[in-house]
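Numbering (the UniProt record's numbering), first residue to last: 1 to 179.
Have a look at this one:
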């Protein structure tokens, strides 16, 4: 049984380390969530990386969180755009967060969302636009500019924390036996 728990823990940790993280985790003191900055990728690739980290692309709940993300990740050298978890893949014009949180706050740039070209289903955060949002094509953002994902991982549920603790304890037991 310990060997199975150790194997599961190794798989979980291997998946997390495989994610292309540039920075993080950084804790937002207002909500206690962990945030990571990913390497540039498409929205779909960034969301897949976010899931490997146990979260989703960031959900912005209010102006305070919007400002915090802007200040924390907006000044990364060479980085102009950040993916948000907001999208309208399921139904054009009906936006939803990747983590299924109900939409209670938005901060669109004037005239957005506009679905320019008929294929703008993902949302990014151009840090130089005062914290406002823009809908774009999920494959890459604006022109040749690259877009980094911001991952938000909530506070672990008690059962998840217990499973993680049990895995770590099992690993410690396996290590002692082999040592």
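No residue lacks a Cβ here, since even glycine has one placed at the ideal position from N, Cα and C.
Would you please state the rounded distance, in angstroms, between the beta carbons of residue i and residue j? I believe it to be under 8 Å.
i          : j           : result
residue 96 : residue 103 : 7 Å
residue 66 : residue 123 : Contact flag wrong, Cβ pair sits at about 12 Å.
Tell whether a beta-carbon distance below 8 Å holds between residue i and residue j.
i           : j           : result
residue 107 : residue 135 : no
residue 125 : residue 82  : yes
residue 38  : residue 46  : yes
residue 99  : residue 85  : yes
residue 64  : residue 41  : no
residue 55  : residue 154 : yes
What span of residues does the beta strand (DSSP E) with residue i cover, start to end?
i           : result
residue 147 : 147 to 153
residue 39  : 34 to 40
residue 122 : 122 to 126
residue 181 : Outside the shown range of the chain, which is 1 to 179, sits residue 181, and nothing can be said about it.
residue 81  : 81 to 87
residue 58  : Per DSSP, residue 58 belongs to no beta strand (DSSP E) and is neither H nor E.
residue 135 : 134 to 136
For residue i, report the span of its alpha helix (DSSP H) as first-last.
i          : result
residue 73 : 63 to 73
residue 52 : 43 to 52
Where residue i and residue j are concerned, what is the direct C-alpha to C-alpha distance, given to the nearest angstrom?
i           : j           : result
residue 76  : residue 131 : 15 Å
residue 28  : residue 110 : 28 Å
residue 113 : residue 62  : 18 Å
residue 20  : residue 73  : 16 Å
residue 152 : residue 69  : 10 Å
residue 127 : residue 71  : 9 Å
residue 147 : residue 60  : 17 Å
residue 133 : residue 35  : 19 Å
residue 22  : residue 129 : 23 Å
residue 25  : residue 94  : 31 Å
residue 105 : residue 80  : 22 Å
residue 139 : residue 101 : 23 Å
Assign residue i to buried or exposed, taking buried as 16 or more other Cβ atoms, counted over all protein chains shown, within 10 Å of its Cβ.
i           : result
residue 32  : exposed
residue 120 : buried
residue 49  : buried
I want to see whether chain D comes within less than 8 Å of residue i, judged by CB atoms only; does it?
i          : result
residue 54 : As a matter of chain content, chain D is missing from the structure shown, which is built from one protein chain.
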